Amino acid sequence: MVRVSVAKFGEVPQSSVDRVLKILNDCYRIIGEPQAELVELFIFKESEARAFFATHDALSGKPRISVYLDHLLSLPEIVSLAGLRRQAAHSVLHGSLESYLIPFPESLLQATKRYRLPLEYAHKLLQAAAMASKEYRVTELLYEKGFVEDQAAYAKYILELGEEEILAWEIASRNKLEKILHLSSILRDISCAVPLLRNATFGEEIRESLAGKLSHLPPECQIKLESILSRAFPPPQPDLLRSIDLLIREISREFLATS
Numbered sequence: 000m001v002r003v004s005v006a007k008f009g010e011v012p013q014s015s016v017d018r019v020l021k022i023l024n025d026c027y028r029i030i031g032e033p034q035a036e037l038v039e040l041f042i043f044k045e046s047e048a049r050a051f052f053a054t055h056d057a058l059s060g061k062p063r064i065s066v067y068l069d070h071l072l073s074l075p076e077i078v079s080l081a082g083l084r085r086q087a088a089h090s091v092l093h094g095s096l097e098s099y100l101i102p103f104p105e106s107l108l109q110a111t112k113r114y115r116l117p118l119e120y121a122h123k124l125l126q127a128a129a130m131a132s133k134e135y136r137v138t139e140l141l142y143e144k145g146f147v148e149d150q151a152a153y154a155k156y157i158l159e160l161g162e163e164e165i166l167a168w169e170i171a172s173r174n175k176l177e178k179i180l181h182l183s184s185i186l187r188d189i190s191c192a193v194p195l196l197r198n199a200t201f202g203e204e205i206r207e208s209l210a211g212k213l214s215h216l217p218p219e220c221q222i223k224l225e226s227i228l229s230r231a232f233p234p235p236q237p238d239l240l241r242s243i244d245l246l247i248r249e250i251s252r253e254f255l256a257t258s
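Those letters in the sequence shown? Residues 0 to 258, per numbering that gives the first Met the number 0, in order.
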């Protein structure tokens with residue numbers, strides 16, 4: 000069993016540490032272990048206004064899972080359970096530095112030149128595409144290993160449309176490049192739901208939640224996003240770099256080439 004090194008920040012109850020460790024280790028027994036010998040687990044008492052209740056990175060060269068306890072405990076138990084399992088899956092699929100220091104794929108190099116995109120903007124597109132591809136791959140792995148009900152609950156939670164998202168769209172839609180970047184960030188949010196669409200039990204619920212998530216967008220944007228989802232995430236999942244390249248090609252086709 001992979002070794003998990005725990006660091007606590009603030010007054011974190013041992014019972015919370017034990018629960019998180021149990022969820023991660025139980026998940027590893029089913030989905031497999033990270034290639035790294037050590038996973039770092041950081042548990043924070045407070046989230047300091049972070050948007051996520053748990054995150055993963057490997058910028059230190061090894062998988063690191065960060066959990067923000069106040070945010071985690073505010074969620075329905077099935078959603079927090081699903082989210083922690085997702086961090087375990089990230090550490091298995093994306094537990095190396097190479098998964099975070101991603102080179103520009105050929106599709107993005109071509110788009111940057113063809114549409115004269117600022118380099119900083121191209122980096123933001125790459126980040127959005129990378130996050131979307133990772134979230135899709137995580138759900139695909141968990142779905143294949145039988146984690147369906149909890150991942151459906153998580154997807155429905157992520158697909159809830161908030162007022163701040165509506166306002167963000169109203170602001171972004173005034174500028175062509177910001178509009179495309181915003182739509183790409185929506186792909187990041189909704190990609191986790193894609194593997195669940197084919198499930199006989201939850202597929203229709205997920206489809207309805209997905210429609211709700213996109214309901215504030217103009218119909219043509221909704222159609223383009225759905226078209227990208229259908230073409231950029233075909234099972235079986237490709238490797239990460241190929242997945243990112245494929246997604247950026249679809250973003251270029253649907254948004255950059257037609258705006």
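Positions of the beta carbon are idealized from the N, C-alpha and C atoms, including for glycine. Computed from a predicted model, the values in this text were never measured in an experiment.
DSSP, reduced to helix, strand and coil, places Arg63 within a strand of the structure shown.
The beta carbon of Ile77 sits closer than 7 Å to the beta carbons of Asp149, Ala152 from its chain, once the five residues preceding and following it are set aside; these are given in chain order.
Fully contained in the region 50-102 are the following alpha helix (DSSP H) runs of length 4 or more, in chain order: 68-72, 76-92.
Taking 8 Å as the upper bound for CB-CB distance, Val137 and Leu92 are in contact here, some 6 Å apart. The Cβ atoms of Leu216 and Ile205 lie no closer than 8 Å to each other.
Here Lys7 is bridged, per DSSP, to Ile42.
Note on Thr111: 16 or more other CB atoms within 10 angstroms of its CB, so buried under the neighbour-count rule. In this structure, DSSP gives Leu140 a helical state, which the three-state scheme calls helix. CA-CA distance, Ser4 to Glu45, rounds to 20 Å. Taking a C-beta distance under 8 Å as the contact criterion, Asp188 and Ile165 do not qualify as a contact pair.
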